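Here UniProt numbering is used: position 247 in the sequence shown is 247, and no number is missing along the way.
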Amino acid sequence: MTVTGDLEAARAALVMINPAPYNAEAPPAALHGDITPTELHYVRSNFAVPDHDGVLEIGGAVGRPTTLTLDDLRAMPAHEHTVTLECAGNGRLEMKPLPTGEPWGDLAVSTARWRGALLHEVLARTEPSAHGVEVLAQGADHGPYHLRAILPETEQDNLSFIRSLPLTYATDPTSGILIAYEMNGKPLGRDHGAPFRLIVPHWYAVASVKWLKRLEVLTEPYTGEFQTGHYMYQWPDRPQEPVSLMRVRARITDPAPGATIGRGSYLVRGKAWSGTGPIARVDLSLTGEGDWQPARLEPSRSGFHWQDWSFNWDADDVGRHTLRARAADAAGNVQPDVPPWNRLGYGNNAIEVIYVDRR
Ligand SMILES: Nc1nc2c(c(=O)[nH]1)N[C@H]1C(S)=C(S)[C@@H](COP(=O)(O)O)O[C@H]1N2
Ligand SMILES: [Mo]
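Here is the structure:
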């Protein structure tokens with residue numbers, strides 16, 4: 001099978017948002033289980049899938065610049081984390097006026113088992129300088145970029161995907177950041193960052209740099225296009241802020257929007273997640289007007305991935321019903337009623353509303 005054929009097969013079950021660069025949402029079934037099967041995991045790429053020579057360079061303000069191969073990473077202690085990734089642009093389509101950017105519906109979110117070496121253990125080997133402030137992570141992907149928010153004209157023709165993380169966060173063992181080489185028990189596929197990528201739990205997935213090529217310890221904060229141009233919340237009424245931790249959010253996975261179900265008892269189910277703390281509660285509204293009632297919430301299993309919730313909905317009144325689910329996390333963050341509009345359309349965690357008919 002050709003490489004193109006492999007990619008086509010890997011993409012068959014997804015809902016395409018953009019053919020090139022390839023961006024695709026997950027189908028609703030991606031949220032049914034605890035783990036999203038790899039072929040149902042959403043894909044978001046800013047450039048075409050690159051070739052990667054299999055070598056990771058680590059340098060900058062470090063005592064021991066290093067290069068690592070896949071075998072070197074595999075020789076280190078392996079850790080597996082189940083992590084929910086959500087694109088910061090998920091839900092953009094519901095923002096009005098519609099911001100520029102990929103027109104994501106609500107399914108640029110998925111959960112997989114990621115296995116790899118711990119970033120802090122890799123960095124420790126290179127002896128980062130005491131003057132280091134950030135770690136830059138560069139993907140092997142690059143190309144022309146015409147959506148630039150800050151770049152001068154001259155740099156737009158060949159841009160690389162580069163992000164940075166605070167060094168204190170990257171070297172903190174509790175962050176759980178991986179240089180992952182396996183997804184759901186198999187080597188990473190090309191769309192998901194082969195041969196290895198960062199997985200940064202709790203952060204919007206823009207931080208999880210795919211096709212990882214270079215790590216560099218910096219003594220000054222990084223200010224590239226994907227750090228301080230795009231992936232910034234440009235609020236209409238307050239200073240802009242970088243996109244970082246995922247905002248608290250609940251989704252209803254059963255019944256499906258617009259479904260017709262019978263009378264009597266029905267188990268409404270869903271997922272909830274947040275980058276700013278475990279989910280503390282999920283409430284359901286069945287009237288469209290508040291009257292919030294607590295759902296049963298399953299405890300967080302890994303701390304890095306979505307939690308299940310359910311609600312026994314007993315109703316004998318036929319006709320159309322409005323269901324809303326609202327999550328709050330342990331840090332006290334609660335979902336808003338309307339999308340928190342910002343110019344580039346990030347972080348829409350507005351309460352989901354669906355209609356369901358009972359017959
Ligand atoms: N190298 C590279 N890494 C990247 C990106 C990219 O364009 N290039 N996109 C980021 C964004 S915006 C998201 S949402 C996630 C998507 O990861 P996935 O395609 O495995 O779901 O990858 C992130 N890592
Ligand atoms: Mo994203």
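Idealized CB from N, CA, C, for every residue including glycine.
Keep in mind that this is a model prediction, so the values were computed, not measured.
From this set, the options, which residue's C-alpha is nearest residue i's C-alpha?
| i | options | result |
| --- | --- | --- |
| Ala88 | Asn342, Ala272, Arg296 | Asn342 |
| Asp308 | Asp317, Ser302, Glu298, Ala315 | Glu298 |
| Pro201 | Phe304, Ala12, Gly332 | Phe304 |
| Ser244 | Glu225, Ile177, Pro278, Val206 | Val206 |
| Leu123 | Ile351, Ala149, Val135 | Val135 |
| Val83 | His131, Leu70, Asp34 | Asp34 |
| Leu165 | Pro50, Arg113, Gly224, Ala194 | Gly224 |
| Leu159 | Gly139, Lys186, Gly290 | Gly139 |
| Pro50 | Pro195, Glu86, Pro221, Glu216 | Pro195 |
| Ile261 | Ala331, Arg358, Glu220 | Arg358 |
| Gly63 | Val356, His79, Arg113, Glu127 | Glu127 |
Give me, in chain order, the residues of the same chain whose beta-carbon lies closer than 7 Å to that of residue i; leave out the 5 immediate sequence neighbours on both sides.
| i | result |
| --- | --- |
| Asp283 | Trp292, Gln293, Pro294, Ala295, Arg326 |
| Gln240 | Met232, Tyr233, Gln234 |
| Asn23 | Ile17, Val43, Arg44, Ser45, Glu102 |
| Met1 | Annotation note: pLDDT 38 at Met1 (below 50); position unreliable, coordinate value reported separately. There are no such residues. |
My output table needs one value for residue i: the three-state DSSP class, helix, strand or coil.
| i | result |
| --- | --- |
| Ser285 | strand |
| Pro28 | helix |
| Tyr266 | strand |
| Thr2 | Because the pLDDT of Thr2 is 45, which lies under 50, any placement of that residue in the model is unreliable, and the number read from its coordinates should be weighed accordingly. It is coil, neither helix nor strand. |
| Leu159 | strand |
| Asp337 | coil |
| Asp72 | helix |
| Leu98 | coil |
| Arg113 | strand |
| Arg44 | coil |
| Arg301 | coil |
Starting from residue i, follow the beta strand (DSSP E) in both directions and report where the run begins and ends.
| i | result |
| --- | --- |
| His81 | 79 to 86 |
| Thr66 | 66 to 69 |
| Ser310 | 307 to 315 |
| Leu56 | 55 to 60 |
| Leu178 | 178 to 183 |
| Met16 | 15 to 18 |
| Leu136 | 134 to 143 |
| residue 370 | Within the shown structure, residues of the chain are numbered from 1 to 359, placing residue 370 beyond reach of any answer. |
| Asp357 | 352 to 358 |
Excluding the 5 residues preceding and the 5 following residue i in the sequence, name in chain order all residues of the same chain whose CB lies nearer than 6 Å to its CB.
| i | result |
| --- | --- |
| Asp106 | Gly91 |
| Gly229 | Ala149, Ile150 |
The alpha helix (DSSP H) with residue i in it runs from where to where?
| i | result |
| --- | --- |
| Val122 | 119 to 126 |
| Tyr169 | 167 to 170 |
Keeping to the same chain, check which residues put their C-beta closer than 8 Å to that of residue i; ignore five residues upstream and five downstream.
| i | result |
| --- | --- |
| Thr253 | Pro28, Leu31, His32, Arg269, Gly270, Lys271 |
| Gly345 | Gly89, Arg92, Met95, Leu98, Pro99, Thr100, Gly101 |
| Ala20 | Ala48 |
TODO: Report the residue ranges of all beta strand (DSSP E) runs contained in full by the segment 185 to 256; include only those spanning at least 3 residues, in chain order.
DONE: DSSP runs (the beta strand (DSSP E)) wholly in the segment 185 to 256: 197 to 199, 212 to 218, 249 to 254.
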